[in-house]
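J.: Sequences listed follow chains A and B, in order. Note that UniProt numbering gives residue 282 to position 282 of the first sequence, counting from 1, and the numbers run on in steps of one. Note that UniProt numbering gives residue 235 to position 235 of the second sequence, counting from 1, and the numbers run on in steps of one. Glycine included, C-beta positions come from ideal geometry on N, C-alpha and C. Structure below; questions to follow.
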Amino acid sequence: MFQTGLPEKNKTFIGRGNSICEKYKNKAFCKALDFYKSKEYDSCYAYSAKVLLQVKSKEELDYVKFMQAYSAYKKGLYKKTLQNLNLIADNKDYTLEKQILRGNIYLKLKKYDESIFFYQKALDEKPETLRKKNIYHNLGINFLQKKDFFKANEYFNKELDLIQAIDTAALISAKMDLANVYYNQYLDDKAIPLFKEAYDLSKFYSDIRLKQNSARNMAVVEKNRKNYQKSIEYYMEYGNWKDSIWNRDKIWELTEKDKQLAVAQKQQEIVLQEEELKRQALVQKSLVVGASGLLVFLGFLGYFYRELKSKNKFITQQKEELNVANKTKDYLFSVVSHDLRSPINTIKRQHEKLKLQLKNKEYDAVSETTNNAIALTESTSHLLNNVLHWSLEQNNQLSFKAEEYPLKPLVEQAVYNFEEIAEAKNIALTTNLEATILVKADKESLKIVLRNLLDNALKYTGENGKIEVKTYKDSEEFSTIEIKDTGFGISEEKLAKIKELEDLSIDKINRSEGVGLGMLLCQTLIKKNNGKLLIDSELNVGTTIRILLPNASA
Amino acid sequence: MKKLQLLLLEDSEEEALELSSFLEDNDYEISLAKNDVEAEKLIRNRFFDVIILDIMINGKPDGISLAHRLNKEGINVPFLFLTSMQGREIFDEAKLTNPLVYLLKPYNKLELLFSLELAIESCYQQSNSISLTSDNAVLSPAFLFIKKKRSVVKVDVSSINYVEVKEKYCSLICDSGNYLIKLSLTKLKDMLSNPDFKQVHRNYLVNVKRIKEIYFEDNLIVLDSGEKILFSERYKNAFIKDNTIFR
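Take a look at the structure:
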């Protein structure tokens, strides 16, 4: 048991420090002092080293050195402490503290003679009671260690004298120490009551270690007195106290464990959270991927929808086209059944007639019948051509290329085809064509139109009639082909219907009303040539048809 | 005046005879070929003014392939199709060979003759000349194509006395008459590219073979036919330089 408390010295020592701090106003010094006051000896030690390099005054220097020495002592750096203590000048302010500190150190280093030497020197400095008591105590311990029981006894007694009754702990430990001294000298009579006294006192004192020690001492004493029953009791008590200490340690350990557990738990939690974060990141990632996937999917959907829509549109368009084509087909069928059957039948009849005439050798009649048959064949072939052209035109298969042509040869060629028929019918087919007209037209379609119109004119003009074909320039824009006949003319109703054709589509034509394919074809093709078809007619006087065609730009 | 040389590719003998007799009646000279091999042989050996091609030869569209070969080999002879094929497919295919005319059988006689005119016109890029009026003619480097009644005949360019500018175009003065050519003087000179024809005035081109006398001082040229032509200063020097006789 070894006592170090230096309360009295400390008060004066710190007071001196404060005054130095105020006197020199060295910030570093004050800081070091603050650390010293708050018992932060590590910081104080480090700071003191720093301050040592700065301060100059002896007062400060010594003070700082002592502070450092004390800090070093507290940290267990005994050599450093001794060095520092030696460096401090022989200032009587520090002598006592120096000697006590040295004594403490040597005691700790178990160099008892040196320790005793310094403690005795300290006693020469006349320390105050508390420190004196401590010094006596430590001296006692030194002698106890040296087995110089007599001296130890002496010092412990001196200490005991100084201890005031109130300081129970000190009293107990002093009594126990003294008892130990006696006991080691086999002065059982003196020792046992002291042990007992210490034990009894410790009962009312809170320090467990003291209780334990006193109990153990009692147990050893009783055992040596062969008073085993009591010894066991004391041992048990000792054990209890030990247990309680152990328990306290255990509890501390447990709390330590708990702490570790808690830390582990926390770490676990952190790991878990990290996992969670990772999982969330994964979820986020997969969400992003999913969302973009969905977007792509939607895009595809939209694309396909649009594709489907356009397809549908295309299909409806095709359906309409097919409808028109179907109507055209129906129309053509009706043409074939209507207009083709009867002439073919007539031709057949003509041939039967011929056969009969040949059989009867009516040669004059044969010629006439043959002519009729030829005329019929001609007109049927013409009809066939129209059907062909019409269907080609409807399917956009009729090639169309408007170019510049001299009008005269085109009309001449068309008229040339009909000269024979006209002659046969005794119709005067005359032309009056201007030589210099150039028109812009598609040659083939113009040929078809002229052929149809001339055919009509010849068909509806009786014998000895007249047909005149004229061409002339109307204006800068148009030139005209005029076909004027002295035929039967067209009734107003029919004329109106023909004019209607101009903006009629195929599906609205009523076949039963008797407007031929020829006129329809003419209207369509002239329109396609950017021209106009004008019809003037008077019943039984004749018909005048004018085709207006755009002039060639040159 | 010479007759035009025509080549007719036609596999049907009957049609070929009918057609050639009709064309011969109209002052054309016809060579007949029954298939494309024969036709090609003839084209290599002789000069033709126009070629008339039937498309389907013995059931195959050899007319079109022959036309392709002609184009490929750069044989600059105008050709036209005369066929009974009216289908869009065949027509489109035939169109790829750039025929001058595509005629359908049964042909209109007048139209055939007209088409020959068109063929010649478009071959020398002088459209609407002989087909419009017989006052016009078509000029080629070697010949002058003119109308004779319903047909076309050709005369040698040497029969041209001189050329006179008439507004946009040119008038050719020949022994046989005057013809309008739908070409500018510059283009006409390019077309002829004949050293016998010299420019003597802004408006005149003279066939030097037909010059009788030249009066340099009076800026006058007198031709064999007695016609007098102006000789401008501007062209005199070049004229003298090119004709060493006058030095």
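On the three-state DSSP scale, how would you describe SER512/A?
T.: Start at 1 with the first residue of the first sequence, and residue 512/A comes out as number 512. Model confidence at SER512/A stands at a pLDDT of 47, short of 50, so the residue's coordinates are unreliable and nothing is read from them.
J.: Between the alpha carbons of LEU178/A and LYS211/A, how many angstroms are there, rounded?
T.: Taking the first sequence and counting its residues from 1, the one referred to as residue 178/A is at position 178. Taking the first sequence and counting its residues from 1, the one referred to as residue 211/A is at position 211. Using only the alpha carbons, I get a separation of about 16 Å.
J.: Find the residues of chain B that neighbour ASN417/A, judging by a C-beta separation of less than 7 Å, and give them in chain order.
T.: Stepping through the first sequence from its first residue, residue 417/A is reached at position 417. Result: ASN108.
J.: Taking DSSP's pairing of strands, which residues face ASN178/B in a bridge?
T.: On the second sequence, position 178 is the one that residue 178/B refers to. According to DSSP, ASN178/B bridges with ILE173/B.
J.: Could you tell me whether the Cβ of ALA435/A comes closer than 8 Å to any Cβ of chain B?
T.: As a first step, residue 435/A must be located in the first sequence, where it is residue number 435. At least one chain B Cβ lies under 8 Å of ALA435/A.
J.: Using the Cα positions of GLU276/A and GLN260/A, report the straight-line distance between them to the nearest angstrom.
T.: Here the question's residue 276/A lines up with position 276 in the first sequence. Here the question's residue 260/A lines up with position 260 in the first sequence. Between GLU276/A and GLN260/A, the C-alpha separation is close to 23 Å.
J.: Any chance the region 340-348 of chain A sits against the region 364-378 of chain A, with 3 or more Cβ pairs inside 8 Å?
T.: Touching, yes, given that three or more Cβ pairs across the two stretches are closer than 8 Å.
J.: Can you list the alpha helix (DSSP H) stretches of 4 or more residues lying completely in the region 88-130 of chain A, in chain order?
T.: Counting only runs of 4 or more, we get 92-108, 112-124.
J.: With 8 Å as the threshold, decide whether the Cβ of PRO409/A is near any Cβ in chain B.
T.: Along the first sequence, read from residue 1 onward, the residue named residue 409/A stands at position 409. Chain B contact via Cβ: present.
J.: Would LEU87/A and LYS56/A qualify as a contact pair, given that the criterion is a beta-carbon distance under 8 Å?
T.: Here residue 87/A is taken as the residue at index 87 of the first sequence, counted from 1. Here residue 56/A is taken as the residue at index 56 of the first sequence, counted from 1. For LEU87/A and LYS56/A, no; Cβs fall outside 8 Å.
J.: State the start and end residues of the unbroken alpha helix (DSSP H) segment that holds THR370/A.
T.: Mapped onto the first sequence, residue 370/A falls at position 370. Unbroken alpha helix (DSSP H) run through THR370/A: 363-394.
J.: Would you give the residue range spanned by the alpha helix (DSSP H) that ILE448/A belongs to?
T.: Position 448 of the first sequence, counting from 1, holds the residue named residue 448/A. Element bounds for ILE448/A: 443-459.
J.: Looking at ALA219/A and SER206/A, is the spacing between their C-beta atoms short of 8 Å?
T.: Mapped onto the first sequence, residue 206/A falls at position 206. Mapped onto the first sequence, residue 219/A falls at position 219. Their beta carbons are not under 8 Å apart, which means SER206/A does not touch ALA219/A by this criterion.
J.: Measure how close the beta-carbons of THR380/A and LEU410/A come, nearest whole angstrom, since I'm counting them as under 8 Å.
T.: As a working mapping, residue 380/A is identified with position 380 in the first sequence. As a working mapping, residue 410/A is identified with position 410 in the first sequence. The pair is not a contact, with the Cβ atoms about 25 Å apart (cut-off 8 Å).
J.: Check LYS168/B in the structure and name its three-state DSSP category.
T.: Here the question's residue 168/B lines up with position 168 in the second sequence. DSSP places LYS168/B in coil when its eight states are reduced to three.
J.: So the candidates are SER225/B, LYS241/B, ASP224/B, ILE214/B; which of them puts its Cα closest to the Cα of PHE231/B?
T.: As a first step, residue 231/B is located in the second sequence; it is residue number 231 there, counting from the start. PHE231/B has its Cα closest to that of ILE214/B, out of SER225/B, LYS241/B, ASP224/B, ILE214/B.
J.: Grouping DSSP H, G and I as helix and E and B as strand, with all else coil, what is LYS147/B?
T.: Within the second sequence, the letter at position 147 stands for residue 147/B. Three-state result, LYS147/B: strand.
J.: Would you say the beta carbon of LEU66/B is closer than 7 Å to some non-hydrogen atom of the ligand ATP?
T.: Because no ligand of any kind appears in the structure shown, any question about the ligand ATP cannot be addressed here.
J.: Tell me the DSSP bridge mates of TYR33/B?
T.: In the second sequence, the residue the question calls residue 33/B occupies position 33. Going by the sequence as given, residue 33/B is Ala instead of Tyr. ALA33/B is bridged to LEU9/B.
J.: Spell out a yes or no on whether the region 39-57 of chain B and the region 7-14 of chain B are touching, meaning 3 or more CB-CB pairs, one atom from each, closer than 8 Å.
T.: Flag = yes, the region 39-57 of chain B and the region 7-14 of chain B touch.
J.: Figure out for me which residue from ASN452/A, GLU468/A, TRP252/A has the closest Cα to the Cα of THR431/A.
T.: On the first sequence, residue 431/A is found 431 positions in, with the first residue counted as 1. Among ASN452/A, GLU468/A, TRP252/A, the Cα nearest to that of THR431/A belongs to GLU468/A.
J.: Could you tell me the distance, in whole angstroms, from the CA atom of SER38/A to the CA atom of GLU59/A?
T.: Here residue 38/A refers to the residue found at position 38 when the first sequence is read from its first residue. Here residue 59/A refers to the residue found at position 59 when the first sequence is read from its first residue. When rounded, the distance between both Cα atoms is 22 Å.
J.: Rounded to whole angstroms, how far is the Cβ of LEU42/B from the Cβ of SER31/B, which I believe are closer than 8 Å?
T.: Residue 42/B sits at position 42 when you count from the first residue of the second sequence. Residue 31/B sits at position 31 when you count from the first residue of the second sequence. At roughly 6 Å, the Cβ-Cβ gap stays under 8 Å, so LEU42/B and SER31/B are in contact.
J.: What residues from chain B crowd round PRO406/A, counting only those whose CB sits closer than 7 Å?
T.: As a first step, residue 406/A is located in the first sequence; it is residue number 406 there, counting from the start. What PRO406/A touches in chain B: ASN128, SER131, LEU132.
J.: Here's the rule I'm using: 16 or more other beta-carbon atoms within 10 Å means buried, otherwise exposed. How should PHE297/A be labelled?
T.: Walking along the first sequence from the start, residue 297/A turns up at place 297. With fewer than 16 other Cβ atoms within 10 Å, it is exposed.
J.: Can you give me the Cβ contacts of ASN530/A inside the same chain, cut-off strictly under 6 Å, excluding the 5 residues immediately before and after it?
T.: Against the first sequence, residue 530/A aligns to sequence position 530. PRO550.
J.: Quick check: what's the CA-CA separation for ILE545/A versus GLU538/A?
T.: Within the first sequence, the letter at position 545 stands for residue 545/A. Within the first sequence, the letter at position 538 stands for residue 538/A. The alpha-carbon atoms of ILE545/A and GLU538/A are separated by roughly 12 Å.
J.: When the Cα of ASN194/B is compared with those of GLY177/B, SER176/B, SER159/B, ASN203/B, which residue comes out closest?
T.: One-based indexing of the second sequence puts residue 194/B at position 194. Nearest of GLY177/B, SER176/B, SER159/B, ASN203/B to ASN194/B, Cα basis: SER159/B.
J.: For TYR78/A, I'd like the list of residues in its chain whose CB is within less than 6 Å of its CB, leaving aside the five on either flank, ordered along the chain.
T.: In the first sequence, residue 78/A corresponds to position 78, counting from 1. Here the set comprises ILE105.
J.: With DSSP collapsed to three states, give me the class of LYS146/A.
T.: What you label residue 146/A is simply residue 146 of the first sequence in a count that begins at 1. Coil.
J.: The alpha helix (DSSP H) spanning GLN86/B covers which residue range?
T.: Along the second sequence, read from residue 1 onward, the residue named residue 86/B stands at position 86. From DSSP, GLN86/B is part of no alpha helix (DSSP H); its letter is neither H nor E.
J.: Give the DSSP-derived three-state secondary structure of GLN199/B in the structure shown.
T.: In the second sequence, residue 199/B corresponds to position 199, counting from 1. GLN199/B: strand per DSSP, three-state reduction.
J.: Helix, strand or coil, according to DSSP, for ILE315/A in the structure here?
T.: Residue numbering aside, residue 315/A sits at position 315 when the first sequence is read from its first letter. Helix.
J.: Show which residues of chain B have a CB atom less than 9 Å away from the CB atom of ALA438/A.
T.: One-based indexing of the first sequence puts residue 438/A at position 438. As written in the sequence, residue 438/A is Leu, which differs from the Ala given in the question. Neighbours of LEU438/A on chain B, chain order: ASN128, LEU132.
J.: Jot down the residue ranges of each uninterrupted alpha helix (DSSP H) in the region 38-76 of chain B, minimum 4 residues, whole runs only, in chain order.
T.: For the region 38-76 of chain B, whole alpha helix (DSSP H) runs of length 4 or above, ordered along the chain, are 62-72.
J.: Could you check the C-alpha separation between GLY514/A and ILE448/A for me, to the nearest Å?
T.: Your numbering for residue 514/A matches position 514 in the first sequence. Your numbering for residue 448/A matches position 448 in the first sequence. At GLY514/A, the pLDDT of 48 sits below 50, so the modelled position is not reliable and the matter cannot be decided from this model.
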